[in-house]
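First to last, the sequence lines map onto chains R and A. The first sequence begins at 1 in my numbering and counts up by one. The second sequence begins at 773 in my numbering and counts up by one. Just so it is clear, CB atoms sit at the ideal spot from N, CA and C, and this is done for glycine as well. Everything on this sheet refers to the single structure shown next.
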Amino acid sequence: MLDADGHVRPGWTELIGALDELGPEEVASRFERADQYLRDSGVYYRKYDGVEGKERAWPLAHVPLILDESEWLTITRGLTQRAELLETIVADIYGSNELVQRGLLPPELIARNAEFLRPMVGIRPASGHFLHFCAFELGRGPDGGWWVLGDRTQAPSGAGFALENRVATTRALSDIYGKMPVHRLAGFFRGFRDALNAIASGGEGRVGILTPGQHNETYFEHAYIARYLGFMLLEGEDLVVENGKVMVRTVSGLRPVDVLWRRMDASFADPLELRYDSRIGTPGITEAIRQGSISMVNALGSGILETRALAAFMPNLCRALTGSELELPTIATWWCGGEAERRHVIDNFDQMMVGSAFATGLAIEDTDGTVIGGTLPAAERQALLARLEAEGGAFVGQEQVHLSTAPLYIGGRLEPRPMTLRVYAARTRDGWTVMPGGFARIGATSDSAAVAMQRGGQAADVWVVSSEPVERVSLLPGEGEKLVRISAGSLPSRAADNLIWLGRYAERCEATVRILRAYNARLAESSNPDLALLKDTRAYLDGLGVDASVPLPHGLLAAIDSAVHSASQIRDRFSPDGWLALVDLRKTARAFAERVQPGDDATRAMTVLLRKLAGFSGLVHENMYRFAGWRFLEIGRRLERGIQIAGAVAWCTRKNAPEGSLDLLLEIGDSVMTHRRRFSVIAGVNSYIDLLVLDSLNPRSVRFQIAELHQQLEQLPGGVEDGHLSAAAKSALSLDTELRVAEPEDMTTPRLSRLGIDIGNLAGLIADAYFA
Amino acid sequence: MLYDVRLELHYDYEASVHGDRHLVRVSPASIPQVQRVIASSLSFDPRPQQETTFTDYFGNLVTTIAYSGYHDHLSVRLSARVQVEDLHSSADLSPDLSGLKQELAALWSVAPDSPQQFLAASPRVPLAPEITAYARESVDRTLSVRAAAMDLCLRIHRDFRYDKDVTKVDTGPVEAFALRGGVCQDFAHVMIAGLRGVGIPAAYVSGFLRTIPPKGKPRLEGSDAMHAWVRVWCGQHAGWVEFDPTNAMVAGADHITIGHGRDYSDVSPIVGVLRTSGEHSAKQSVDVVRVE
């Protein structure tokens, strides 16, 4: 915030003044508004503190980092030069290898490097370039000058978080943001989106984001960027290589994809030629790259540029390749494979951050076992010095950094804390562009190493303040721009499968909750668990894997978990509101499990869960566009409801069903009112079967589900072709016809049981046609 | 010497598989001044839906096959006629280890055949202190790199038991070293780990051995299956020399090369990705006959 002379840096005065004016209480409530936004949007990251990563709330530092435009221009120029330089270096490493032959790069940094992917050597990327999207980690020295701490070329993360930081911060500080000429971020994303689409336009025009999947620490961001830019979110198993071309398994069959913006490390991309133990890759993708049919962003193998030892050679490489100096210096680095450099590191050991030459993380984040010489106990110190002498080539030393600070708002005051800045550069049709912003990481303590978020650091938005009013940009097409429609039918099979299961589990939860509610209500009335009807209902639930003697049975909690699990794999496909409703349902159910008592208490708890389930269904069904995705969700819901109702009717109308079974059936079929209205006088068993199985107007009847299924199945890709129905649609139509002509007395208990199995078979036919 | 080589790899799958994809590295390549491939043909049963060939980073011939239909077996058949030259000289032109290290330091190349490629640990060959110490003895009792490599080759043959039952295809050199036993792949991996440990570049070679020995000579171990041995860089003048620790000899006219890499993983005969839950069984048969 202050420069070397103790003056307030440009841009800050206005912000500090505005915060002062608001007063601490107002500031606190505004910051809470930002946090609320992040919670509501489901922004999280994964923190690894054991075997399994946990989802953590996004640690937003609410006060943005303010940078003056002129300072920003220096950074932009420096990073543009650097990105070009990196492109030249990586093209040489995977091409003619002149840098090694000219003595500018030691051969062992390449030959011993796990990120040197030999199958990629000699392949020119289809797009013409290796690098399209890079991130840079910057630090500011006490003198105000910026340094590059690290290059991110493998699969840089965080650009989506930068966007979310912006939205959240402006929620809190909208009036201040509105008054200050802060550069907008959308233009950067728009430029990159257009660039990727332009690369893809040589083929079928499809761009996908390749994610390692929901267990990745930044999966939220992959889904977010996919939604924001309108790209498909793909996992390795969504893809298959056919005749040298990468294809997406979709519900309409195999569809080509032309550009993959990958968020997984390169070696995992292909289990056949890169890492045999990868379980998240696509066999044959290397073959497709060799044939030039797919553009990878960035090219596989670009990760080699992140090698820490490379930083030692950047100044020389820049001079040799461009004839000029680096505009932004790199953190001072010595590769200990050189005699003089090794001596220097050993002589200045106490002030050195010493780590693996092949580390890719930042030295200050200590992710690869980096140590500061001066802090080591005697024995370790001797051991490390001995290793430096014996195998120097495996180590680098970096000057210990003292980061300049940024203000962090703590307890109503702004406290200075060390800060690093992550900045993004994208290759567009007009060359490299740098995002006017980024994300700043601010340390939890004054220790420079504490900026890492895994160690309690916080993330702040970055405002680049112009001296003139700025242009407002959005991703929406401007005037005169062509509207591009993305056609339906490119729904990946895996997503469709998850949508079906999400629909099924949500419906299974509802059915279970309804039966449990009816059960507990009767338990509360009679308070005798040995009553025939109660025993019978417990037996029925037992057959569904639900133990009704427990108020919140494990079977119900497991079904909710399964719904959340299915939903978590398709976060790019439905609204954050729907997701939050589901997570809230799980949270409530888990809390109930701790304290709810059988009987009346459980009845009320089930009513709460039922309302929450309805909330989820409503949010999803009212907001989802009627693309193929919605149809699969709907199909899942109808399949499950059909199976559940058929089962319940079969059980409750069987010969020896205890007294009260039919009333219970009406209640779990949510048809008490309708039944009373339609059958006021005679209420034999047939009236129940008629209403809950054959009635075409009752949205809870089996027939209603089948008719809906038939309709949806015909609308799916391949549902009707040249007048012929797909196997699934045919089977649904045949069931529909049977129910249409049937009389209640035809619906014997065996036939009703059989009906559930028929619907289950329908699910199998759908899986064969769309997910195989 | 002229050989006719026949190889069949056969896999039976317990459950039918589909959508599988394999890389096959069994076809011998022509190597200037070492061997010439006169004819070579590779066939598959069932016939794959997709088949392409390419030359990999180390110059090996690779065939990619992919199946979209269901099948319950896979057969790979190779038949080739190969002319092999016996050029290895018994003269030792190699420097001692410190001389070799100086030559390496002056070698600014990461070309695929550069010795720099074969110094570091690789996917299947970690460097282990106990194997390095074992190899160090060979360096200490000899005067040149080539002599050290030969000494190590002979010691492995002497100290290790050839036994098909103690190791599997995925056994690593550390385990094989502890067992003091294994097959050609294990012997080669141990020797490579030892040589790299002391700083001598070493590569893994996969190939075949002649089945019927010359009159009066014993049948070579491993000739009924695919074979593996070691390629050692013995300095600028001596170049690459090949040693067969399984048979305690320099590899020459009895050895037909398929290809080489850093270890088994770079030249494994077949790599596949199967989508199946079932087990599979494998059979391999090799026949190498001298034609003239």
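| query | Which ranges does the alpha helix (DSSP H) cover as unbroken runs of at least 4 residues, wholly within the stretch 936-967 of chain A, from first to last along the chain? | reply | Runs of the alpha helix (DSSP H) lying entirely within the stretch 936-967 of chain A, each at least 4 residues long, are 945-951 in chain order.
| Which whole-angstrom value is the C-beta distance of PHE395/R and SER356/R, which I expect to be below 8 Å? | By 1-based counting over the first sequence, the position of residue 395/R is 395. By 1-based counting over the first sequence, the position of residue 356/R is 356. In this structure PHE395/R is in contact with SER356/R, their Cβ atoms being roughly 7 Å apart against a cut-off of 8 Å.
| field | Nearest candidate by alpha-carbon position, reference PHE116/R, set VAL806/A, LEU774/A and TYR829/A | value | Working through the first sequence from its first residue, we reach residue 116/R at position 116. Distances from the alpha-carbon of PHE116/R to those of VAL806/A, LEU774/A and TYR829/A put TYR829/A closest.
| task | Identify every residue that forms a DSSP beta bridge with PHE826/A. | result | What you label residue 826/A is simply residue 54 of the second sequence in a count that begins at 1. Note: PHE826/A is bridge-paired with VAL834/A in the DSSP secondary-structure output.
| task | Would you tell me roughly how many angstroms separate the C-alpha atoms of ILE964/A and LEU491/R, rounded to the nearest one? | result | Here the question's residue 964/A lines up with position 192 in the second sequence. Here the question's residue 491/R lines up with position 491 in the first sequence. Cα to Cα, ILE964/A sits roughly 49 Å from LEU491/R.
| Does HIS843/A get closer than 9 Å to chain C when you measure Cβ to Cβ? | No chain C appears in the structure shown, which is made up of the protein chains R and A.
| Going by other Cβ atoms of all chains shown within 10 Å of its Cβ, with 16 needed for buried, is LYS612/R buried or exposed? | Mapped onto the first sequence, residue 612/R falls at position 612. Under this definition LYS612/R is a buried residue.
| query | Can you name, in chain order, every residue of its own chain whose Cβ lies under 8 Å from the Cβ of THR836/A, other than the five neighbours on each side? | reply | Locating residue 836/A in the second sequence gives position 64, counting from the first residue. If the five residues before and after THR836/A are omitted, its C-beta is found closer than 8 Å to the C-beta atoms of ARG793, HIS794, LEU795, VAL796, GLN822, GLU823, THR824, THR825 and PHE826, all from its own chain and listed in chain order.
| field | First through last residue of the alpha helix (DSSP H) which encompasses ALA594/R | value | In the first sequence, the residue the question calls residue 594/R occupies position 594. Reading the sequence as shown, one finds Glu at residue 594/R and not Ala. Per DSSP, GLU594/R is one residue of the alpha helix (DSSP H) stretching across 576-595.
| request: Look at the Cβ atom of ALA155/R, then the Cβ atom of ARG571/R, and state whether they are nearer than 9 Å. | output: As a first step, residue 155/R must be located in the first sequence, where it is residue number 155. As a first step, residue 571/R must be located in the first sequence, where it is residue number 571. Taking 9 Å as the Cβ cut-off, ALA155/R and ARG571/R do not qualify as a contacting pair.
| For LYS987/A, which of helix, strand or coil comes out of DSSP? | Residue 987/A sits at position 215 when you count from the first residue of the second sequence. Correct three-state label for LYS987/A: coil.
| query | Just to confirm, are GLY971/A and LEU869/A a CB contact at a threshold of 9 Å? | reply | On the second sequence, residue 971/A is found 199 positions in, with the first residue counted as 1. On the second sequence, residue 869/A is found 97 positions in, with the first residue counted as 1. Yes. Within cutoff.
| message | For SER815/A, list the residues DSSP reports as bridge partners. | response | Against the second sequence, residue 815/A aligns to sequence position 43. As DSSP reads the structure, SER815/A sits in a beta bridge with ARG849/A.
| Counting only beta-carbon atoms, is SER302/R nearer than 9 Å to chain A? | What you label residue 302/R is simply residue 302 of the first sequence in a count that begins at 1. No - not a single Cβ of chain A is within 9 Å of the one on SER302/R.
| query | Taking just the CA atoms, how far does LEU610/R sit from ARG514/R? | reply | Counting from 1 along the first sequence, the entry for residue 514/R is found at position 514. Counting from 1 along the first sequence, the entry for residue 610/R is found at position 610. Between ARG514/R and LEU610/R, the C-alpha separation is close to 8 Å.
| request: Hey, could you find the ends of the beta strand (DSSP E) CYS134/R is sitting in? | output: Here the question's residue 134/R lines up with position 134 in the first sequence. Membership of CYS134/R in the beta strand (DSSP E) is indicated by the continuous run 133-140.
| query | Is ILE89/R close to chain A, meaning its C-beta is less than 9 Å from at least one C-beta of that chain? | reply | Position 89 of the first sequence, counted from the first residue, corresponds to residue 89/R. The Cβ of ILE89/R sits no closer than 9 Å to any Cβ of chain A.
| message | I want to see whether chain A comes within less than 9 Å of LEU342/R, judged by CB atoms only; does it? | response | The count along the first sequence starts at 1 and reaches residue 342/R at position 342. According to the sequence displayed, residue 342/R carries Arg and not Leu. At a cut-off of 9 Å between beta carbons, ARG342/R makes no contact with chain A.
| What separation, rounded to the nearest whole angstrom, lies between the Cα atoms of VAL946/A and CYS925/A? | For the purposes of this step, residue 946/A is taken as the residue at position 174 of the second sequence. For the purposes of this step, residue 925/A is taken as the residue at position 153 of the second sequence. Going from the Cα of VAL946/A to the Cα of CYS925/A covers about 17 Å.
| said: If I follow the unbroken alpha helix (DSSP H) through SER1037/A, where does it start and stop? | reply: Start at 1 with the first residue of the second sequence, and residue 1037/A comes out as number 265. Looking at the DSSP string, the run of the alpha helix (DSSP H) that includes SER1037/A is 1036-1039.
| task | Pick helix, strand or coil for GLU734/A, following the three-state DSSP scheme. | result | Past the boundaries of the shown model lies residue 734/A; chain A is included only from 773 to 1064, so the question cannot be answered.
| message | Suppose you measure from the CA of HIS845/A to the CA of ALA767/R; what does that come to, to the nearest Å? | response | Looking up residue 845/A in the second sequence gives position 73. Looking up residue 767/R in the first sequence gives position 767. Those two C-alpha atoms are separated by around 26 Å.
| task | Could you check the C-alpha separation between ASN498/R and GLN569/R for me, to the nearest Å? | result | For the purposes of this step, residue 498/R is taken as the residue at position 498 of the first sequence. For the purposes of this step, residue 569/R is taken as the residue at position 569 of the first sequence. Going by C-alpha positions, ASN498/R is about 7 Å away from GLN569/R.
| task | Please check if any C-beta of chain R sits within less than 9 Å of the C-beta of TYR783/A. | result | By one-based count along the second sequence, residue 783/A stands at place 11. Against chain R, the CB of TYR783/A has no partner CB under 9 Å away; the residue lies outside that interface.
| task | Determine the closest residue to THR170/R out of ASN197/R, ARG30/R and GLY373/R, with distance taken between C-alpha atoms. | result | For the purposes of this step, residue 170/R is identified with residue 170 of the first sequence, where counting begins at 1. The shortest Cα separation from THR170/R among ASN197/R, ARG30/R and GLY373/R belongs to ARG30/R.
| task | Identify every run of the alpha helix (DSSP H) within the stretch 82-148 of chain R, keeping only runs that are complete inside it and at least 4 residues long; order them along the chain. | result | DSSP runs (the alpha helix (DSSP H)) wholly in the stretch 82-148 of chain R: 98-101 and 107-111.
| So what does DSSP say about TRP335/R, is it helix, strand or coil? | Taking the first sequence and counting its residues from 1, the one referred to as residue 335/R is at position 335. Three-state result, TRP335/R: strand.
| Which same chain residues, not among the five before or five after GLY50/R, have their C-beta less than 6 Å away from its C-beta? | Along the first sequence, one-based indexing puts residue 50/R at 50. Any reading at GLY50/R must be qualified, since the residue scores a pLDDT of 49, below 50, and its modelled position is unreliable; the value itself is stated next. Nothing meets the Cβ criterion.
| Nearest-angstrom Cα distance between PRO329/R and TRP147/R? | Against the first sequence, residue 329/R aligns to sequence position 329. Against the first sequence, residue 147/R aligns to sequence position 147. Here the alpha carbon of PRO329/R sits roughly 5 Å from the alpha carbon of TRP147/R.
| request: State yes or no: is the beta carbon of VAL251/R nearer than 9 Å to at least one beta carbon in chain A? | output: Along the first sequence, one-based indexing puts residue 251/R at 251. Not an interface residue.
| said: Please list the terminal residues of the continuous alpha helix (DSSP H) segment that includes LEU502/R. | reply: Within the first sequence, residue 502/R is the residue found at index 502, counting from 1. In this chain, the alpha helix (DSSP H) harbouring LEU502/R covers 493-526.
| field | Coil, strand or helix - GLU217/R by DSSP | value | For the purposes of this step, residue 217/R is taken as the residue at position 217 of the first sequence. Note: GLU217/R maps to coil in three-state DSSP.
| Inter-residue Cα distance where the pair is PRO24/R and THR13/R | Locating residue 24/R in the first sequence gives position 24, counting from the first residue. Locating residue 13/R in the first sequence gives position 13, counting from the first residue. In a straight line, the C-alpha of PRO24/R is about 17 Å away from that of THR13/R.
| said: Using the Cβ count rule (16 or more neighbours within 10 Å means buried), how would you classify TYR842/A? | reply: Position 70 of the second sequence, counting from 1, holds the residue named residue 842/A. Exposed, since its Cβ has fewer than 16 Cβ neighbours within 10 Å.
| query | In whole angstroms, what separates the C-alpha of GLY523/R from that of ALA548/R? | reply | As a working mapping, residue 523/R is identified with position 523 in the first sequence. As a working mapping, residue 548/R is identified with position 548 in the first sequence. With the sequence shown as reference, residue 523/R is identified as Leu, and Gly is not the correct amino acid for it. Approximately 11 Å between the Cα atoms of the pair.
| query | For ASN520/R, is the classification buried or exposed, using 16 other Cβ atoms within 10 angstroms of its Cβ as the cut-off for buried? | reply | Taking the first residue of the first sequence as 1, we reach residue 520/R at position 520. With 16 or more neighbouring CB atoms inside 10 Å of its own CB, ASN520/R falls in the buried class.
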